[in-house]
Amino acid sequence: MKTHKFSPESLMMSHGYKPELSQGAVKCPIFQTSTFEYKTAEEGKAFFEIAYGLREKDPKEELGLIYSRINNPNLEILENRLCLWDKSDDCAVFESGMSAISTVLLEFLKPGDLLVHGNPLYGGTDHFIEHFLTKIGIHVLSVHPDESSEDIISMIKTSGKGDKLAMIFLETPANPTNEIVDIESYKNICKHFSTDDKEVLLAVDNTYMGPLWQHPLQFGADLVLYSATKYIGGHSDLIAGAVLGPAELMIRVKTLRTFLGNMLSPNTAWLLLRSLETLKVRMSQQTENAQQVAAFLNKHSAVEKVNYLGLLKEGTKEHTIYKKQCEAPGAMISFDIKGGEKEAFQFMNSLKLFKIAVSLGSTESLVQHPITMTHAGVDPTHRERMNITDKLIRLSIGVENADDIIWDIEQALENIQSRVLGTNHKFQMVSD
Ligand SMILES: Cc1ncc(COP(=O)(O)O)c(C=O)c1O
């Protein structure tokens with residue numbers, strides 16, 4: 213018989229789950245238990261020997277479950293399924309995106325090391341790096357998408373800490389402006405500073421693209437990170453995170469997770485298993501809607517500029533990177549409204565279908581104002597350089613009917629215009 217390889221979306225309902233171990237239940241139950249019974253004391257001893265690295269695992273040996281801070285069926289099945297999207301060796305799931313990010317940074321950096329990070333970054337990541345890592349003696353160098361590889365190499369050398377470079381951490385596309393950088397070129401910078409004794413690692417936060425639209429490991433990233441709260445969860449009802457990468461790095465991530473105790477709970481893992489079954493349909497619909505919304509905003513005279521991957525101009529550096537790395541433009545849009553904070557807030561307050569809330573990637577459309585919300589704690593000079601200004605509004609597009617989403621945006625734009633100008637004049641649509 214001809215062999216056939218199923219796509220990840222076809223395996224989200226079954227991969228890694230054995231019904232015969234759960235009374236034939238078609239759906240994986242929630243293994244709400246803190247600990248697992250060993251058949252014998254010898255078996256318990258054998259499991260601990262492997263867990264603590266006291267001996268190599270025999271290839272034929274089945275690893276048993278020990279304790280839910282170390283392993284649990286819901287977590288393992290979820291991790292195995294997430295590996296399929298990114299074609300990764302292994303995955304570790306966490307109780308939040310921030311715990312995934314902070315665990316990776318703490319595991320691979322030590323006092324005296326240099327961390328280079330891209331801009332912009334999610335405000336929480338930026339805060340952890342700039343305010344916590346610097347406090348424990350980690351040197352931080354911040355770089356921007358408009359700097360070339362040569363510029364960055366020379367900045368690292370000028371810092372005098374090139375031999376201490378341990379990691380580059382990137383977000384691409386970046387929150388909230390959709391800035392995009394070439395992952396491969398950053399891996400080449402890592403290689404430039406790697407030696408026989410030390411490999412400089414590249415970690416990429418892929419939250420904005422979800423596991424569907426970009427696969428950083430295929431472009432040289434060593435680790436890919438997600439806030440699983442976003443597209444992977446997708447229903448604004450849980451907080452979770454994930455890290456994926458090669459086995460030799462993931463064993464270190466999982467070991468630190470065991471001792472920090474910031475693994476995901478079985479209940480949240482179960483919710484994520486349910487979410488993964490619809491990941492592709494949700495993200496595809498969201499992307500289709502976002503393309504229509506971006507095209508609408510791009511023609512509206514009350515809008516100064518739209519940041520959306522689907523609107524990148526052919527022939528630009530960004531478009532070339534987008535074509536190389538991304539499979540679709542995703543569902544995150546930000547735009548500059550004409551005016552400033554006043555107009556932005558009036559627009560947001562006038563929306564009827566959108567909810568004013570941070571977070572992204574869920575079934576419902578959300579709107580937020582990055583400079584006063586998610587990025588309020590970011591250094592103002594960084595914000596200014598990254599065009600995170602009073603007039604920037606971020607939209608996360610959901611699965612609602614696209615006409616309804618566009619109607620809502622249109623009536624809110626009209627509302628600010630009539631308040632500002634005191635007229636009923638409708639904003640003009642700019643023709644092609
Ligand atoms: C790009 C990005 N990375 C990481 C995080 C942090 O994730 P969590 O809120 O799940 O801790 C967020 C949260 O908004 C984010 O937008």
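Using this note's numbering, the first residue of the sequence shown is number 213, and each one after it goes up by one.
Glycine included, every Cβ here is placed at the ideal spot set by N, Cα and C.
Open item on the list: Taking the straight line between their C-alpha atoms, what separation do you get for residue 479 and residue 286?
Closed with: 8 angstroms
Is residue 570 near ligand 1, going by C-beta to nearest heavy atom under 8 angstroms? yes
inquiry  = What residue range does the beta strand (DSSP E) around residue 229 cover?
reply    = Note, residue 229: premise wrong, no beta strand (DSSP E); not H, not E.
Practice item. Compare the beta carbon distance of residue 562 and residue 610 with 9 angstroms and say whether it is the shorter of the two. Key: no
For this session: Check residue 432 in the structure and name its three-state DSSP category.
Result: coil
**Request:** Report buried or exposed for residue 440, applying the criterion of at least 16 other Cβ atoms within 10 angstroms of its Cβ.
**Result:** buried
Euclidean distance between Cα positions of residue 644 and residue 515
At residue 644 the pLDDT is 45, less than 50, meaning the model places this residue with poor confidence and gives no usable figure here.
- Query: Taking Cβ positions, are residue 425 and residue 506 nearer each other than 9 angstroms?
  - Reply: no
ask   = What are the boundary residues of the alpha helix (DSSP H) that residue 580 is part of?
value = From DSSP, residue 580 is part of no alpha helix (DSSP H) but of the beta strand (DSSP E) over 578-580.
Practice problem: Can you grab the Cα-Cα spacing for the pair residue 468 / residue 294, in whole Å? | Solution: 20 angstroms
field: Cβ neighbour criterion (16 or more within 10 Å) applied to residue 349
entry: exposed
| contact_flag[the segment 595-604, the segment 485-492] where n(CB pairs < 8 angstroms) is 3 or more | no
>> Quick check: what's the CA-CA separation for residue 234 versus residue 276?
In response: 16 angstroms
**Message:** Using only the alpha-carbon positions, how far apart do residue 268 and residue 572 sit?
**Reply:** 42 angstroms
Rank 494, 434, 443 by C-alpha distance to the C-alpha of residue 396 and give the top, closest one. 434
Alpha-carbon spacing of residue 459 relative to residue 361, whole angstroms
29 angstroms
Restricting to runs no shorter than 4 residues, where is the alpha helix (DSSP H) found entirely within the segment 514-591?
529-537, 553-562
Proximity test, residue 439 beta-carbon vs ligand 1 heavy atom, cut-off 8 angstroms:
yes
Rounded straight-line distance, which links the Cα of residue 471 to that of residue 522: 42 angstroms
Contacts around residue 481, its chain only, beta-carbon distance under 6 angstroms, and the 5 residues preceding and following it disregarded | 286, 287, 290
Residue 307 versus residue 583: straight-line alpha-carbon distance, rounded = 26 angstroms
Pick from 530, 214, 249, 241 that is closest to residue 392, judged by C-alpha positions: 530
Taking 7 angstroms as the limit between beta carbons, can you name the residues of its chain near residue 316, skipping five residues before and five after?
415, 435, 437, 455, 465
- Residues that DSSP places opposite residue 447 in a beta bridge: According to DSSP, residue 447 bridges with nothing at all.
May I have the straight-line CA-CA distance separating residue 345 from residue 588, to the nearest angstrom?
19 angstroms
Please report the straight-line C-alpha distance between residue 493 and residue 462, rounded to a whole angstrom. 29 angstroms
Check: Just curious, the beta strand (DSSP E) that residue 362 is in, first and last residue?
Finding: Unbroken run through residue 362 is the alpha helix (DSSP H), 361-370; no beta strand (DSSP E).
- request: Could you have a look at residue 415 and say whether DSSP puts it in helix, strand or coil?
  value: strand
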